[in-house]
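Numbering (the numbering used here), first residue to last: 16 to 761. A virtual CB, placed ideally from N, CA and C, is assigned to each residue, including glycine. I have placed the structure first, in the form of structure tokens, so that the comments after it can refer back to it.
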Amino acid sequence: MLAACASYHPSPAQQMHSGPSPKLRADNIPQVVQAMTLKEKAHMVVGMGMRFGPPKPGITAPPQKVAGEAGSTYAIPRLGIPSIVMCDGPAGLRILPYRKGDSSKSYYCTAFPVASLLASSWDPALIREVGKAMGSEVRAYGADILLAPAMNIHRNPLGGRNFEYYSEDPLIAGRSAAAMIEGIQSNGVGTSLKHFDANNQETSRNTINEIISERAWHEIYLRGFGIAIHEAHPWTVMSSYNKINGLYASENPELLDTVLRRHWHYQGLVMTDWFGGKDPVAQMKAGNELLMPGTPAQVKSIEDAVKNGSLPVSVLNRNVARVLGAVVKTPSFHHVAYSNHPDLKKDAEVDRRAASESMVLLRNEAQTLPLKPSENQVALFGNTSYHLIAGGTGSGHVNKAYMIELNQGLRDAGFAPDAALEHSYGQYLDSAKARQPKTLPWWKLPPPVPELQLSTLALQQAAQKDEVAVLTIGRISGEGSDRTVKDYFNLSSREQALIDAVSQAFHEQHKKVIVVLNIGSAMNVASWRDKVDAILLAYQPGQEAGHSIADVLSGKVDPSGRLATSFPMRYQDVPSASSFPGTPKDKPIQVVYKEGIYVGYRYYDTHQMQVAYPFGYGLSYTHFRWSGAKLSSSVFHREISVRVTVTNSGSRAGKDVVELYLHAPATTLDKPVHELKAYAKTRMLAPGQSQTLTLVLHPRDLASYDPVKQDWVADAGTYQVQLSRSSKDMVDSLTFALNRVLNLGR
Ligand code: BGC
């Protein structure tokens, strides 16, 4: 709980030392910094604070321009500096839907698909569109910076925030984040690329010391951020809570200065995660220019440090200038009028389409899907079918106006969900909900409602009456905790029993069983998949979930998503299983990234391990033929490109994805057997239609990070280009030579 004041007004005595008062413009930042008092400068690099929970006597909370905002910066009116507003988060704008004294109007936002789903589209153009819609709501509600996208690596499937993150692979993560940034920022509002860096777990997140080899750090945990920053120039970057090799990210000059500023030439602003790090002076020196949400104690330490000489005023000036550099871009600075009326209808359509186009069809035995017109009568099982999960909890949550459940989605698509089942589940969930705690701290999840146990008679009746069974398995998670293997990665015993019972009853009637996975992150499917006929991975699709899922089940949309994260056979197979979430087990203080660069498919494929579903995998309702694969040259010079023609050889319209993995010579360093280096998705191809795709490789795509040379190095030798449908399904391969070693710099 923190006190703060709305804007900083120095006393006349303080102003006497501050010279004339220029008004801030984009081209006079140094002059404005020059004109500021020390106190003003210290306030400029520390946010206005935030209040947790209900108001407490004697504590003034900072005023909120946008109710529910996550934080804001100080205004200094005499210098024309406005306060700027920051809001969460990655799946849509998170603000309060209602305002005190204003019951006539709601302030809902659209809950868009979570990042793990969007990444599965392998379609930056689609993600850009989602970003554009999301950013339009930021602008319409008068906020300046959306605290998104989040792009840490799916190091382990138990990561509580994996749903907010894109992939186990830095190329997909980086390109997806870049597209999201471009889309959001096209509205003239800012983003905050987070959490820089390696916030790959929630357990002990504020203190955990992550021991990461230099090579893994550069190749896996920094690379995606580098791509996003290079391609999309986010206005701000948010440093992460954790320590990396002993230093808090927000106090780490190598991360924030050497890598971000010097090697990547980043020009924007770095802010802390909320209450991240410990030492404001170390943060200032490291290049973490803004401390969020900000405390009076931080302001004081900074002022004191300048006075006692432990913080050079030049460092403070630099940081203030960078904060002002962000301020001058914002709608608040430009006095942009805002409507408080985003086009929620249009944005809901974007959510619906983006979600259905990104879903991954994992299993489709004997063409179970799409549902046939005769399969109109659907038996809908699983609590989650009637209570779909739009997205995760914590700062990734969005206050949406409504949720389309699966029974409604199917009904709207012309199907008839079994009314008796609807009734039983409705009653069961209503009474379970009534027993749930009424209020919970923001980081706490309500206890999961055990699956409804249906009688054998009810199941048999449904199997006789209905033509097909659809069963949804749900998982939710969020900030503050990681998940467990029991009942989270694995099915609970009730879920297992439900799958068994439904499959038995429907298969006895020669009817099909389809499972929909409404989850945030990879889970065990290998132990039960053979019992069912089809599996659709819907992830957490946002508020139109029921429509998006029905669009794929009905065949209105051809599934064209591909896994951006491997689904392992068992939890024990995960390369980080033995080290996650660190030691000591009960309250970890340190986690050693023992697997190094061998994360996800880099590990499974190099060690020829079986997985349930590989990275890059996904089925379609149609078929595609690839032909004419050709390299632009047999020798690599500045770049090399590969062309391949994709033809829809099936009978339905659809989109296909070509994945390019590179097998590089391992002369000086060990290398994964191959790594994803490019990908491209076709437009919608009607049956018989073709499209030629061109995928380009640049020097850095050939290189690995050499910790001895401290440089990205591409070895001379023969490179194999693999054109694949997944990391384990190569369709065609071509080779080229690199005639000399390339040292590329960091
Ligand atoms: C989260 C950030 C979020 C911030 C502000 C923190 O707890 O880690 O992702 O943007 O809160 O809500």
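Specify, as a first and last residue, the run of the alpha helix (DSSP H) that Leu444 falls within.
As a working mapping, residue 444 is identified with position 429 in the sequence shown. Run containing Leu444: 434-450, per the alpha helix (DSSP H) assignment.
Are there 16 or more other CB atoms within 10 angstroms of the CB of Arg755, so buried, or fewer, so exposed?
Translated into positions along the sequence shown, residue 755 becomes position 740. Classification for Arg755: exposed.
Mark Met16 as exposed unless 16 or more other C-beta atoms lie within 10 angstroms of its C-beta, in which case mark it buried.
Within the sequence shown, residue 16 is the residue found at index 1, counting from 1. In this prediction, Met16 scores a pLDDT of 35, lower than 50, which makes its location untrustworthy; the coordinate-derived value is nonetheless stated afterwards. It is exposed - the Cβ of Met16 has fewer than 16 other Cβ atoms within 10 Å.
Alpha carbon to alpha carbon, how far is Ala312 from Asn323? Give it in angstroms, no decimals.
Locating residue 323 in the sequence shown gives position 308, counting from the first residue. Locating residue 312 in the sequence shown gives position 297, counting from the first residue. If I take the Cα positions, the gap works out to 16 Å.
Start and end of the beta strand (DSSP E) containing Ser642?
Reading the sequence shown from its first residue, position 627 is the one you call residue 642. Counting along the chain, the beta strand (DSSP E) containing Ser642 begins and ends at 639-646.
DSSP three-state assignment for Ile235, whether helix, strand or coil
The residue given as residue 235 occupies position 220 in the sequence shown. If DSSP states are grouped into helix, strand and coil, Ile235 belongs with the helices.
Whole-number beta carbon distance between Ala213 and Ile244, since they are thought to touch under 8 Å
By 1-based counting over the sequence shown, the position of residue 244 is 229. By 1-based counting over the sequence shown, the position of residue 213 is 198. The Cβ separation is near 16 Å, so there is no contact.
Start and end residues, beta strand (DSSP E) containing Ala549
Position 534 of the sequence shown, counting from 1, holds the residue named residue 549. Per DSSP, Ala549 belongs to the beta strand (DSSP E) from 549-552.
Got a sec: does the ligand BGC put a non-hydrogen atom nearer than 8 Å to the Cβ of Trp641?
Numbered from its first residue, the sequence shown carries residue 641 at position 626. No, the Cβ of Trp641 stays beyond 8 Å of every heavy atom of the ligand BGC.
Does the distance from the CB of Ala731 to the CB of Leu759 come in under 9 Å?
As a first step, residue 731 must be located in the sequence shown, where it is residue number 716. As a first step, residue 759 must be located in the sequence shown, where it is residue number 744. In this structure, Leu759 does not lie closer than 9 Å to Ala731 by Cβ.
Under the three-state reduction of DSSP, which class applies to Tyr628: helix, strand or coil?
Taking the sequence shown and counting its residues from 1, the one referred to as residue 628 is at position 613. Tyr628 falls in the strand class under three-state DSSP.
So, with DSSP's three-state summary, where would you put Tyr734?
The count along the sequence shown starts at 1 and reaches residue 734 at position 719. In the structure shown, Tyr734 sits in a strand (DSSP, three-state: E or B).
Sequence-distant residues of the same chain with beta carbon closer than 7 Å to Leu474, five excluded per side
Your numbering for residue 474 matches position 459 in the sequence shown. The residues are Ala516, Val517, Ala520.
Out of curiosity, what's the CA-to-CA distance linking Thr222 and Ile604?
Against the sequence shown, residue 222 aligns to sequence position 207. Against the sequence shown, residue 604 aligns to sequence position 589. The alpha-carbon atoms of Thr222 and Ile604 are separated by roughly 7 Å.
Under the rule that 16 or more other beta-carbon atoms within 10 Å means buried, what is Pro172, buried or exposed?
Reading the sequence shown from its first residue, position 157 is the one you call residue 172. Pro172 should be labelled buried.
Between the CA atoms of Glu318 and Val711 - distance to the nearest angstrom
Locating residue 711 in the sequence shown gives position 696, where the first residue counts as 1. Locating residue 318 in the sequence shown gives position 303, where the first residue counts as 1. Roughly 51 Å separates the two Cα atoms.
Going residue by residue through the stretch 349-431, where are the continuous beta strand (DSSP E) segments of at least 3 residues, counting only ones entirely within it?
375-379, 392-396
Alpha carbon to alpha carbon, what distance is there between Asp747 and Ser649?
By one-based count along the sequence shown, residue 649 stands at place 634. By one-based count along the sequence shown, residue 747 stands at place 732. Roughly 16 Å between the two C-alpha positions.
Roughly how many whole angstroms lie between the Cα atoms of Thr750 and Arg715?
On the sequence shown, position 735 is the one that residue 750 refers to. On the sequence shown, position 700 is the one that residue 715 refers to. For Thr750 and Arg715, the distance between alpha carbons rounds to 17 Å.
Along the beta strand (DSSP E) that carries Ser719, what are the first and last residues, could you check?
One-based indexing of the sequence shown puts residue 719 at position 704. It spans 719-721 - the beta strand (DSSP E) in which Ser719 sits, taken as one unbroken run.
To which residues of the same chain is Ala668 closer than 6 Å at the C-beta, ignoring the five residues directly before and after it?
For the purposes of this step, residue 668 is taken as the residue at position 653 of the sequence shown. Excluding positions up to five away in sequence, the list reads Met699, Ala701.
Hey, which unbroken runs of the beta strand (DSSP E) at 3 residues or more fall wholly within the stretch 262-293?
284-286
Taking contact to mean 3 or more Cβ pairs, one atom from each stretch, closer than 8 Å, check whether the stretch 624-640 and the stretch 374-392 are in contact.
yes
Let's see if you can read the secondary structure: which residues bound the beta strand (DSSP E) around Ala484?
As a first step, residue 484 is located in the sequence shown; it is residue number 469 there, counting from the start. Unbroken beta strand (DSSP E) run through Ala484: 483-489.
Just list the residues that DSSP pairs Thr251 with in beta bridges.
Position 236 of the sequence shown, counted from the first residue, corresponds to residue 251. DSSP lists Ser207, Leu284 as partners of Thr251.
Just to confirm the assignment, what range does the beta strand (DSSP E) spanning Thr471 have?
Residue 471 sits at position 456 when you count from the first residue of the sequence shown. No beta strand (DSSP E) holds Thr471; the alpha helix (DSSP H) holding it covers 471-480.
Only counting runs of 4 or more residues, tell me where the alpha helix (DSSP H) segments fall wholly within the stretch 527-607, in order along the chain.
560-569
For Ala416 and Gly489, I'd like the C-alpha separation in whole angstroms.
Numbered from 1 along the sequence shown, position 401 holds the residue referred to as residue 416. Numbered from 1 along the sequence shown, position 474 holds the residue referred to as residue 489. For Ala416 and Gly489, the distance between alpha carbons rounds to 21 Å.
Anticipated Cβ contact below 8 Å, Val736 with Leu677, distance rounded:
Reading the sequence shown from its first residue, position 721 is the one you call residue 736. Reading the sequence shown from its first residue, position 662 is the one you call residue 677. 6 Å between Cβ atoms; contact.
Taking 8 Å as the line, does the beta carbon of Asp721 fall inside it for any heavy atom of the ligand BGC?
Along the sequence shown, one-based indexing puts residue 721 at 706. No, the beta carbon of Asp721 sits no closer than 8 Å to any heavy atom of the ligand BGC.
Once DSSP output is grouped into helix, strand and coil, what is the label at Pro165?
Looking up residue 165 in the sequence shown gives position 150. According to the sequence displayed, residue 165 carries Ala and not Pro. Ala165: strand per DSSP, three-state reduction.
Tell me the DSSP secondary structure of Lys743 in three-state form.
One-based indexing of the sequence shown puts residue 743 at position 728. Three-state result, Lys743: coil.
Where do the ends of the alpha helix (DSSP H) carrying His58 lie?
As a position in the sequence shown, residue 58 is number 43, starting the count at 1. Unbroken alpha helix (DSSP H) run through His58: 53-59.
Would you call Trp457 buried or exposed, if buried means 16 or more other Cβ atoms sit within 10 Å of its Cβ?
In the sequence shown, the residue the question calls residue 457 occupies position 442. Burial call: exposed.
How is the alpha helix (DSSP H) around Leu331 delimited, first residue to last?
Stepping through the sequence shown from its first residue, residue 331 is reached at position 316. 328-342 is the span of the alpha helix (DSSP H), which, as asked, contains Leu331.
Quick check on the DSSP output: the alpha helix (DSSP H) that includes Ala701 runs from which residue to which?
For the purposes of this step, residue 701 is taken as residue 686 along the sequence shown, with counting starting at 1. Looking at the DSSP string, Ala701 is not in any alpha helix (DSSP H), and its letter there is neither H nor E.
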